[in-house]
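**Student:** Converting from the sequence shown to my numbering requires adding 956 to each position, the first position being numbered 1. Ideal placement from N, C-alpha and C gives every residue a C-beta, glycine not left out. Model, not experiment: these values are computed from the prediction. One structure follows; several queries about it will come next.
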Amino acid sequence: MRAHDVPEWYIGSCKKIKYMFPKAHAVAYVILSLRIAWFKVYRPDAYYAARFSLKIDDFDGANMLHGPDKMYARMAAMNLLGDNVQLGDDDEDDDFEADPALPDESPAGDSDSNGDSAGGEITEKDKNQASVYYLLVELYARGLKFLPVDLYESEARNFVPTPEGIRPPIACLQGIGSSAAESIVAESRRRKARGEKFISIDDFQTSTGANKAVTEVLRAEGCLEGLPDSNQISLFDMF
C-alpha cells in the first residue's frame, strides 16, 4: 500500500479494524433486502409463511392462529400494546421491555393458560414470542388469515401459503415437538396417498406414536374432530 502512496492513517486503520466491509458483501446484502422487500409487498402470504417457519419454536398456535381478538388478548397480557411499543418489528434478534405505562391488571402470581407469568413479569419465552406477535399484527392488518391445522394438509414445521390462506404446521402447536409432528405427517401422507384416513383416536396414536399429551393438544385444536376414541364399534352407534 505504501508503494501506491496509500496514506498511513488508512494503513493504521486496516491494522486496527481487522475486517473491512467489502463492496461485494454490501451489494449482496442490498440484493437480499430487495428480494425480501419484494415478497413482503407483492407476495405477503409467502413472506409471512417463510418468516413464521423460521420462528416456529416461538409460535404459539393456540393464541396466534385464531384471529386478532385472541391475539390482542394475549398481547395485552404480555404488555405489548402500549404506545411506546413499536409494532411490526420482525428483526431476528428482537427484544423488548414491558411498557411501564400499562397497568398490571392481573393478580400477582397468576398464570395464563400457557403457564407463563401474567403478573407483570416478562419471561424469556415472552421475549422470544414478542417479534412473532408484531408480525401477526401486520398479517391481520393486511387481511391475511390462517387456515386450520390439518392432519392431512399441514406440514411438520413449515407454514405453507395457499390461495385460501396460510396453512400452519403441526409443530406450531405448543406441546408438539418436531419428531412427533414429523411422525404424524409421515403417516398422514402415507394414508392420503392410499386414499385412507385415521379411523379412531386409538388408530391415530398407534400408527403415529403420538402420546396422550400430543393427542390432547390436537383434540383441543379441533384436529381430531369426528374421530371416535376406539376402533371398536359401540352397540349404541348402530341405532
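Taking the continuous beta strand (DSSP E) assigned at Val1116, which residues delimit it?
**Tutor:** Here residue 1116 refers to the residue found at position 160 of the sequence shown. 1116 to 1118 is the span of the beta strand (DSSP E), which, as asked, contains Val1116.
**Student:** Would DSSP call Ile1155 helix, strand or coil?
**Tutor:** Position 199 of the sequence shown, counted from the first residue, corresponds to residue 1155. In the structure shown, Ile1155 sits in coil (DSSP, three-state: anything other than H, G, I, E or B).
**Student:** Would a C-beta distance cut-off of 8 Å place Tyr1108 and Lys1148 closer than the cut-off?
**Tutor:** Position 152 of the sequence shown holds residue 1108. Position 192 of the sequence shown holds residue 1148. In this structure, Lys1148 lies closer than 8 Å to Tyr1108 by Cβ.
**Student:** Assuming Leu1180 contacts Ile1157 (C-beta within less than 8 Å), just tell me the rounded distance between them.
**Tutor:** By 1-based counting over the sequence shown, the position of residue 1180 is 224. By 1-based counting over the sequence shown, the position of residue 1157 is 201. The pair is a contact, with the Cβ atoms about 6 Å apart (cut-off 8 Å).
**Student:** With DSSP as the reference, please indicate the residues paired to Gly1165 in a beta bridge.
**Tutor:** Mapped onto the sequence shown, residue 1165 falls at position 209. Looking at the DSSP assignment, Gly1165 forms no beta bridge with any residue, so it has no partner.
**Student:** I think Ile1126 touches Ala1166, with their Cβ atoms under 8 Å apart; what is that distance to the nearest whole Å?
**Tutor:** In the sequence shown, counting from the first residue as 1, residue 1126 sits at position 170. In the sequence shown, counting from the first residue as 1, residue 1166 sits at position 210. Wrong, their Cβ atoms sit about 10 Å apart, outside the cutoff.
**Student:** Look at Ala1136 and Val1105 and say whether their C-beta atoms are less than 8 Å apart.
**Tutor:** Walking along the sequence shown from the start, residue 1136 turns up at place 180. Walking along the sequence shown from the start, residue 1105 turns up at place 149. Not a contact, by the Cβ cut-off of 8 Å.
**Student:** Glu1152 to Ser1144, Cα distance in whole Å?
**Tutor:** Reading the sequence shown from its first residue, position 196 is the one you call residue 1152. Reading the sequence shown from its first residue, position 188 is the one you call residue 1144. Near 9 Å, if we compare the C-alpha coordinates of Ser1144 and Glu1152.
**Student:** Please go through the same chain and pick out, in chain order, the residues whose beta-carbon is closer than 6 Å to the beta-carbon of Pro1024, but skip the five residues on each side of it.
**Tutor:** By 1-based counting over the sequence shown, the position of residue 1024 is 68. Taken in chain order, the residues that qualify are Tyr1096.
**Student:** Are the beta-carbon atoms of Asn931 and Arg1030 separated by less than 8 Å?
**Tutor:** Coverage of the chain is limited to positions 957 through 1195, which leaves residue 931 absent and any answer about it impossible.
**Student:** Pull up the distance between the alpha-carbon of Ile1155 and that of Arg991, whole angstroms please.
**Tutor:** Within the sequence shown, numbered from 1, the residue matching residue 1155 stands at position 199. Within the sequence shown, numbered from 1, the residue matching residue 991 stands at position 35. Ile1155 and Arg991: Cα-Cα distance of roughly 45 Å.
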